[in-house]
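Numbers in the working numbering are just positions in the sequence shown, counted from 1, shifted up by 4.
Note that CB positions come from ideal geometry on N, CA and C, so glycine has one too.
Just so we're clear, the structure is a prediction, and the values are computed from it rather than from any experiment.
Read through the structure below, which is laid out as structure tokens, and then see the notes.
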Amino acid sequence: MQTGDVIGRYTLGPQIGQGGFGNIFTARDTETGLIYALKNESYASERKSLSFEYKILRRIQGVDYFPKLFDYGETKNLSYVVMELIGPSISSILKSLPEKKFSLSTGIRTARHVLFAVQSLHNLGFIHRDIKPANVLVRIAHSPPICLLDFGLVRIFKDQKTGQHVPQRMKTGFRGTKTYASVNAHLQNDLSRRDDMISWFYFVLDILTPGLPWKNVSNAVDVAQMKAQFNVREFVQPIAPELADIWEILQPLKFEDEPPYQRITDILNDIMTKNNIREEDRWDWESFVAAYRDKLTNDFGVALRIDGGADTTPYYTELGVPPQIMQHIETRMTQRGGMHTPLLNRNRQHSAMQLSELDEKDSRCCC
């Protein structure tokens, strides 16, 4: 697929992401003129994770920390999911910064929001298993400021009938990304909420420093050994010593334990208080996001409204585009009798998301 191709009712714009089994494009709805993110996957893919991810997205709609889902479709050669267009990833933003890290203010506030996102996913009965900067996007227009995505490795941890935690399995293979995976993941053990939180913690350290000690180590065995010997308290001392307290909270957690989210949030709040960090502080990514928005403007050849700031016209949020919406689209759609959103295909049967579906997905999952 390439820019200019048409998939269903969507014309592809510039590519904004790439994976091993598919790509992500901006896409314009030919019926409404609205712009979305379209993720596609070829049927030739061995993994075939997009239909699985679509089922997950359907189950987690309504939480602002996850992307809004608008459409799903299939052609002769591929399947695709149409989602809210969000913004650049934390990973891409960090690469653009001279020191390759966030200030304490931006880093701790980002950590809080990603923690809330992970907790929200856990509250719905799912674990993510791939928390990392590349899977956290910054919204270019409205709150909350970040969005967690890429649910291809998600697994259900709570039995939908009994409400009980699923039993721990024996060796399951590696799941996640080497830099941010827990030691349990390296040992190919079954993962749980505990391991999501450890990945979250590595994420936090990564965005507050130029990089984790093992970030550029290619051998997975060496990475696992470095993690096992990692002196967290020494590492965080120059950043925020209180972060070591979070690590000590996470270490004793067992497979079925619920992480103490509030205790962790309280520690982050204390760091903010001690360092005079306010939620309304300027984000380190604001210049990057402005350039990203300008590029979007240039790519589509239209002007974005910026007079309303970051919180203009709430109903636009529901349409899959930034609230700084293209003015000519607003005018045109108003003349046509109001706005409407693309609806999911009403003829598609709702997936009940059984445990068997996730087990099948696990068996196909690659490292």
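Across which residues does DSSP place residue i in a beta bridge pair?
{"i": "Glu260", "result": "Paired residues: none, contrary to the question."}
{"i": "Asp33", "result": "Tyr14"}
{"i": "Lys43", "result": "Ile28 and Val85"}
{"i": "Arg159", "result": "Ile131"}
{"i": "Leu73", "result": "Met87"}
{"i": "Leu152", "result": "Val140"}
{"i": "Ser93", "result": "Leu141"}
{"i": "His126", "result": "The partner list for His126 (beta bridge, DSSP) is empty, contrary to what the question assumes."}
Among the options, which residue has its Cα nearest to the Cα of residue i?
{"i": "Phe259", "options": "Pro149, Leu300 and Phe161", "result": "Phe161"}
{"i": "Asp33", "options": "Tyr69, Val10 and Asp200", "result": "Val10"}
{"i": "Arg198", "options": "Lys72, Leu191 and Ser186", "result": "Ser186"}
{"i": "Thr183", "options": "Gln168, Leu191, Trp218 and Ala189", "result": "Trp218"}
{"i": "Arg133", "options": "Tyr84, Ile268 and Gly177", "result": "Gly177"}
{"i": "Leu152", "options": "Gln123, Gln164, Leu191 and Gln168", "result": "Gln123"}
{"i": "Arg282", "options": "Ala294, His126 and Leu108", "result": "Leu108"}
{"i": "Asp154", "options": "Glu103, Ile112, Gly21 and Leu195", "result": "Gly21"}
{"i": "Leu272", "options": "Tyr206, Asn223 and Leu119", "result": "Leu119"}
{"i": "Glu290", "options": "Ser203, Asp163, His146 and Phe205", "result": "His146"}
{"i": "Arg3", "options": "Arg159, Ala295 and Leu89", "result": "The first residue shown for the chain is 5 and the last is 371, placing residue 3 beyond what the model contains."}
{"i": "Asn279", "options": "Val227, Thr110 and Val208", "result": "Thr110"}
{"i": "Leu101", "options": "Val293, Asn188 and Leu300", "result": "Val293"}
{"i": "Glu284", "options": "Val240, Thr114 and Glu238", "result": "Thr114"}
Work out the CA separation of residue j and residue i for me, nearest whole Å.
{"i": "Val170", "j": "Asp298", "result": "47 Å"}
{"i": "Arg286", "j": "Phe29", "result": "29 Å"}
{"i": "Ala48", "j": "Ile253", "result": "44 Å"}
{"i": "Val225", "j": "Ile135", "result": "20 Å"}
{"i": "Lys231", "j": "Trp251", "result": "12 Å"}
{"i": "Asp210", "j": "Lys105", "result": "8 Å"}
{"i": "Ile60", "j": "Lys80", "result": "23 Å"}
{"i": "Lys99", "j": "His117", "result": "21 Å"}
{"i": "Leu323", "j": "Asp249", "result": "Bear in mind that the predicted position of Leu323 carries a pLDDT of just 32, short of 50, making it unreliable; the figure below should be weighed with that in mind. Distance between the alpha carbons of Leu323 and Asp249 is about 41 Å."}
{"i": "Thr275", "j": "Ala228", "result": "The residue you asked about is not Thr; residue 275 is Ile in the sequence shown. Cα to Cα, the separation comes out at about 29 Å."}
{"i": "Thr277", "j": "Gln266", "result": "16 Å"}
{"i": "Leu82", "j": "Asn44", "result": "7 Å"}
{"i": "Asn220", "j": "Asp303", "result": "34 Å"}
{"i": "Asn172", "j": "Leu191", "result": "The displayed chain sequence assigns Gln, not Asn, to residue 172. So the alpha carbons of these two residues sit roughly 14 Å apart."}
{"i": "Phe207", "j": "Asp200", "result": "10 Å"}
{"i": "Asn188", "j": "Leu195", "result": "7 Å"}
{"i": "Lys165", "j": "Gly66", "result": "22 Å"}
Please state the DSSP three-state secondary structure of residue i.
{"i": "Lys278", "result": "helix"}
{"i": "Met87", "result": "strand"}
{"i": "Val67", "result": "coil"}
{"i": "Ile20", "result": "strand"}
{"i": "Gly8", "result": "coil"}
{"i": "Gly215", "result": "coil"}
{"i": "Thr335", "result": "Any answer about Thr335 is weak, because its pLDDT of 43 lies below 50 and its placement is not dependable; what the coordinates show is given next. Helix, per DSSP."}
{"i": "Glu284", "result": "coil"}
{"i": "Leu141", "result": "strand"}
{"i": "Ser107", "result": "coil"}
{"i": "Glu78", "result": "strand"}
Mind checking whether residue i and residue j have CB atoms under 9 Å apart?
{"i": "Ile377", "j": "Leu157", "result": "With the chain covering 5 to 371 only, the question about residue 377 has no answer from this structure."}
{"i": "Pro137", "j": "Ser95", "result": "yes"}
{"i": "Asn91", "j": "Ile144", "result": "Note that residue 91 is Gly in the sequence shown here, rather than Asn. Contact flag set, yes."}
{"i": "Tyr58", "j": "Leu73", "result": "yes"}
{"i": "Leu373", "j": "Ile243", "result": "Residue 373 lies beyond the stretch modelled for the chain, which goes from 5 to 371, so this question has no answer here."}
{"i": "Gly26", "j": "Ser46", "result": "yes"}
{"i": "Leu42", "j": "Tyr14", "result": "yes"}
{"i": "His126", "j": "Pro263", "result": "yes"}
{"i": "Leu128", "j": "Arg62", "result": "no"}
{"i": "Phe70", "j": "Ala121", "result": "yes"}
{"i": "Ile39", "j": "Gly12", "result": "no"}
Quick one: does the C-beta of residue i sit closer than 8 Å to a heavy atom of the ligand NAP?
{"i": "Arg267", "result": "In the structure shown, the ligand NAP is absent, as is every other ligand, since no ligand is present at all."}
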